[in-house]
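Novice:
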Amino acid sequence: MANITWEIDPVTKDLAFDNEGFLKTVEGDSTSAQNIRMALETWKGDFDLVPDHGTDYTKILVEQADEDTTEEIIREAIFQEDSMGALENLAVEKDENRKLSISFSGQLDNGVSINMEVNAG
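The sequence shown runs 4 to 124 under the numbering used here.
Here's what the structure looks like:
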């Protein structure tokens, strides 16, 4: 089965269209990267069709989870993408305004390296 999905505009967080008005798609490893980014940018429970999709930011930001719990919650969100193989490095920084900076590196199941930085919260 092909690894393909609709492209989500990273700025508007909405479906992306080309100049002719057709929906854009992403394929392969780009699909996996987009899926991970979307899981990290979405609060768990915000997507009614899939309530378990996203990151449990309530525990991290509202309930003030400790560092180990925060990292485990972020790992759980990253591994919602089935093609994520291994997480090698993970850094999570929380600022005084309840914003998170998340950066990680790892490998997809096919051996392709993935590096990402996401600001959330």
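The C-beta atom is built at its ideal place from N, Cα and C for all residues, glycine as well.
Fair warning: this is a prediction, and the values are worked out from it, not measured in the lab.
1. Going by DSSP, what residue range makes up the beta strand (DSSP E) through Ala94?
2. Nearest CA to the CA of Val115: which residue from Glu66, Glu91, Asp51?
3. Since Thr8 is in the alpha helix (DSSP H), which residue starts that stretch and which ends it?
4. Using the rule of at least 16 other Cβ atoms within 10 Å of the residue's Cβ for burial, across every protein chain shown, is Lys16 buried or exposed?
5. Is Asn100 helix, strand or coil by DSSP?
6. In the structure shown, what three-state DSSP assignment does Asn118 receive?
7. Which value, in whole angstroms, describes the spacing of the CA atoms of Leu64 and Asp98?
Specialist: Quick look at the numbers:
1. Where Ala94 is concerned, the enclosing beta strand (DSSP E) starts and stops at 87-97.
2. Nearest C-alpha to Val115: Glu91.
3. Here Thr8 belongs to no alpha helix (DSSP H); instead the beta strand (DSSP E) covers 7-9.
4. Burial check for Lys16: the Cβ neighbour count within 10 Å stays below 16, so the residue is exposed.
5. Looking at Asn100 - three-state DSSP - the assignment turns out to be coil, as it is neither helix nor strand.
6. It is a strand residue.
7. Near 10 Å, if we compare the C-alpha coordinates of Asp98 and Leu64.
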